[in-house]
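Numbering (the numbering used here), first residue to last: 439 to 1140.
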């Protein structure tokens, strides 16, 4: 089930309590749900402790096989093993020895009615019998375990020796291997009608390294509290309500204020998870949350580094979690799949991250839940390698690595991702992996590592280097100098995203390609502007930060075809009509036009560049210019381009001169003139081409 919707507020109140943002953003932490053991009926009497590295250790009873079982979680997951068998493991309570960081377990031997103690020595489990009775008594149920700073285990437990003998609450502490001191904290005589005195014990250490014990007087229904000081053992009534104090858990804050969590059925119509506290010498009870259906059973309390209380408890088929805030209790549901949350154990790490172990009575499994941050990533060694082959055994360091962690190198532009292969997690703080770098784009890469909670990126962590580029071909290998966007394909090796491509020739400016695009490290495309560049052979040069490669005379620029065009003035008038033609053709650098051929449409021709021609006969004429250059030949035809008209009164042609578009522009696409029209005079003044008809001149004007 997904409870991430509840996480933001959880982060906010942890921030308020600690003064430090525990998770950098809500999205950076996740609830992780795991099953510790699932075969048969496993998980009753589950308990939890964290060692100095925040490794979770759990103990629980395997009801299917009558075994005490132990598990711990590391980067590879859960490791579960048997500790004891023979109907042994009820009331299992685990704690960590602060001296050697090893786990120990106090538990009840149901078969023999004994209190037993198992401790790990680094190689194996060792088991000791602490207390027993040869008669049919019950010694060691309702036990709890803690250590003082010197590594001495203290165990509180209930005992009932037999009828007409003592029963009550005891405390035992280890003075040597297989040697225990035992003290009767609170005792009465077991008689008919007097039962269950001194059950429901819980133990914790004060800052003065003194044991503190909570237990229940079931006869009167009192919550009682005992402690050891310089004057010996003492006990008192903490609460005289008949229905509080069952299934307790005990924690002390930094000021040795006492907090006992328990199941309270005193409230009419409700059952509650409550806190019985002793602050500044006064006892008080506070119901944290109430409901029906055994609501509030199996409590577990913890105090974080800022003395805020955290409480886990059974919430009527659910696992509930409450955190003390300045505004009251913030309560959330951790798990509500089936009937779950029984025998819950709660522990906090140094950042107030909660860890839960509990029994799912529907699935009959041991469940574990914790808040996990994405991994921390510190470094990768080596931090660079060439793209000539695989990199094997790269070492990555950080924290919160897991067996399923994935690793990748990612370019900042995210165009290239190199997935780590053969990822081997050595511990929660280190892993190794391989990267296939052959042919990948060189440059600076970020390192990404993921776990169940998410992915963390270490920027600029790794550099893929390369060799000097190799250039084997360019295609096409020639282009005309009339091209403005000439595309080529390059082949070679060790190309990079930041490489440049250019054409070079002595005495000329370099032609630098634009739009260089890499297909991969062996292929690229580029675009050249060749217009008006000098014809001939040019060197092709590829340059990267790692070197340069050249194909000498690898590209030929040839002359582009000329583009024929011309203009004429005038384009209309009376015959004889003299027209000045002007070449307007285009050629390209080093490829000048070498020949001109004019066809004036009336049978007249010329090979001059800018000829003059006189039309003697009225008519409309099409003109063609053909030009030749080293790059080829081109012709420009302008249809109905010149209009020559007869003079008024001429018997040969009564047509008056007309200045219209038909004689001005033939709409030819090669017509680049300004459509300069001849302006006809509107009086009797002579036309520009009519000659001088002044009779005094003695000339006929012909």
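Idealized CB from N, CA, C, for every residue including glycine.
Contact between residue 1045 and residue 1035 holds: CB atoms are separated by about 6 Å, below the 8 Å threshold.
The closest CA to that of residue 557, considering only 668, 1052, 595, 508, is found on 508.
Under the 8 Å Cβ criterion, the region 659-675 counts as touching the region 687-704, having at least three qualifying pairs. Distance from residue 918 to residue 970 at the Cβ level is roughly 11 Å; contact not present, criterion being Cβ atoms closer than 8 Å. The three-state reading of DSSP puts residue 540 in coil, since its state is none of H, G, I, E or B. In chain order, 1059, 1060, 1061, 1062, 1079, 1080 place their CB closer than 8 Å to the CB of residue 1039, counting only its own chain and leaving out the 5 sequence neighbours on each side. Per the DSSP secondary-structure output, residue 662 pairs in a beta bridge with 653, 675.
Of the residues 791, 901, 831, the one whose Cα lies closest to the Cα of residue 862 is 831. Pairing residue 810 with residue 473, the inter-Cα distance amounts to about 16 Å. By the Cβ neighbour-count rule, residue 1018 is exposed, with fewer than 16 other Cβ atoms within 10 Å of its own.
By the C-beta criterion, the region 897-913 is judged not to be in contact with the region 942-956, since fewer than 3 inter-stretch pairs fall below 8 Å. The three-state secondary structure of residue 968, taken from DSSP, is coil. According to the DSSP assignment, residue 930 belongs to the beta strand (DSSP E) that extends over 924-931. Apart from sequence neighbours up to five positions away, the residues of its chain that approach residue 727 with a beta-carbon distance below 8 Å are 710, 711, 733, 734, 751, 753, 758, 760, 767, 769, ordered along the chain.
In this structure the region 541-551 does not lie against the region 864-874, because fewer than three pairs of beta carbons, one per stretch, are closer than 8 Å.
Listed in chain order, the non-local C-beta contacts of residue 1067 below 7 Å within the same chain comprise 997, 1000, 1025, 1029, 1030, 1031, 1032, local neighbours out to five positions each way being set aside. Note that the C-beta distance between residue 797 and residue 804 is below 8 Å.
By alpha-carbon distance to residue 922, the top candidate from 562, 819, 487, 968 is 968. In this structure, 593 is the residue among 614, 643, 593, 635 with its C-alpha nearest to the C-alpha of residue 621.
Rounded to whole angstroms, the gap between the alpha carbons of residue 882 and residue 1064 is 59 Å. In this structure, the beta-carbon distance from residue 530 to residue 497 falls below 8 Å.
The DSSP assignment places no complete alpha helix (DSSP H) segment of no fewer than 4 residues inside the region 785-852. Residue 612 carries a strand assignment under DSSP once its states are collapsed to helix, strand and coil. The residue among 896, 536, 851 with its C-alpha nearest the C-alpha of residue 813 is 896. Nearest Cα to residue 634 within the set 721, 654, 799, 692: 654. When only Cα atoms are considered, residue 584 and residue 534 end up about 8 Å apart. Here residue 691 has 741, 745 as same chain residues with Cβ atoms under 6 Å from its own Cβ, once five neighbours each way along the sequence are excluded. Here residue 682 really is in contact with residue 723; their C-beta atoms are around 6 Å apart, less than 8 Å. In the displayed model, residue 943 falls within coil according to three-state DSSP, outside both helix and strand. The alpha-carbon separation between residue 716 and residue 834 amounts to approximately 49 Å. Within 10 angstroms of the beta-carbon of residue 952 lie fewer than 16 other beta-carbons, which makes it exposed. If the five residues before and after residue 822 are omitted, its C-beta is found closer than 8 Å to the C-beta atoms of 900, 901, 902, 903, all from its own chain and listed in chain order. In this structure, residue 790 keeps its C-beta atom at 8 Å or more from the C-beta atom of residue 488. In the structure shown, residue 619 falls within a strand segment according to DSSP collapsed to helix, strand and coil. If you ignore the 5 residues before and after residue 626, its C-beta comes within less than 7 Å of the C-beta of 605, 606, 632, 635, all in its own chain and listed in chain order. Of the residues 1004, 703, 1041, 502, the one whose Cα lies closest to the Cα of residue 520 is 502.
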